[in-house]
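Going by our numbering, the sequence shown opens with residue 278, and the numbers climb by one from there.
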Amino acid sequence: MLTIFFTIIFIAELIIAGWIISAILKADKCVCEVNQKVLDFQPVLKKQINQFQITVNTVLLGVDYFAAFVTRKKEECVSVCSRNIITTVLYLFLSTGGKRVFAFADLIISLVKFIKKH
278 MLTIFFTIIF IAELIIAGWI ISAILKADKC VCEVNQKVLD FQPVLKKQIN
328 QFQITVNTVL LGVDYFAAFV TRKKEECVSV CSRNIITTVL YLFLSTGGKR
378 VFAFADLIIS LVKFIKKH
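What follows is the structure in C-alpha cells.
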C-alpha cells in the first residue's frame, strides 16, 4: 500500500515537473522572440534618435540665431532712440533758449528712474 502511495506521489511530481518545464520552455521561446524583435528594431531606433538629435541641434541653432538677431535689433533701436532723443533735446535747446530743455531733461530722468525702480 505504501508503495502505491509513493508511486502516485512520484508520478504527480513528474507531471508537475513536466508542466513547469513546459512553462519555462514557452517563456524562453517568448523571450527569444521579443529579443529578436528588439534586435531588429535597434538600428531603426538608432537612426530615429540620430535624426531627432539633428533636429534638436537645428532648432537650438535657430534659437541662437534668433537671440542674436533680437540683440542686434535691440542695440540698433537703442542707438536710434538715443540719437532721436539727443536731436530732440538739441532742437528744444536751440529753439527755446534752454528753459524747456531742463523741464524735458527732468522728465526723462524721472522716467528713467521709474523704469529702473519697477
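Beta carbons are placed, not taken as given, at the ideal position from N, Cα and C, and that holds for glycine.
All of these numbers come straight from a predicted model, not from anything done at the bench.
Between residue 330 and residue 347, the alpha-carbon positions lie close to 26 Å from each other.
Going by C-alpha positions, residue 388 is about 16 Å away from residue 363. Rounded to the nearest angstrom, the Cβ distance from residue 366 to residue 381 is 7 Å, consistent with a contact under 8 Å.
Rounded to whole angstroms, the separation of the alpha carbons of residue 326 and residue 311 is 21 Å.
Put simply, the backbone Cα of residue 319 is about 22 Å away from that of residue 304. When the Cα atoms are used, residue 323 and residue 338 turn out to be separated by approximately 23 Å.
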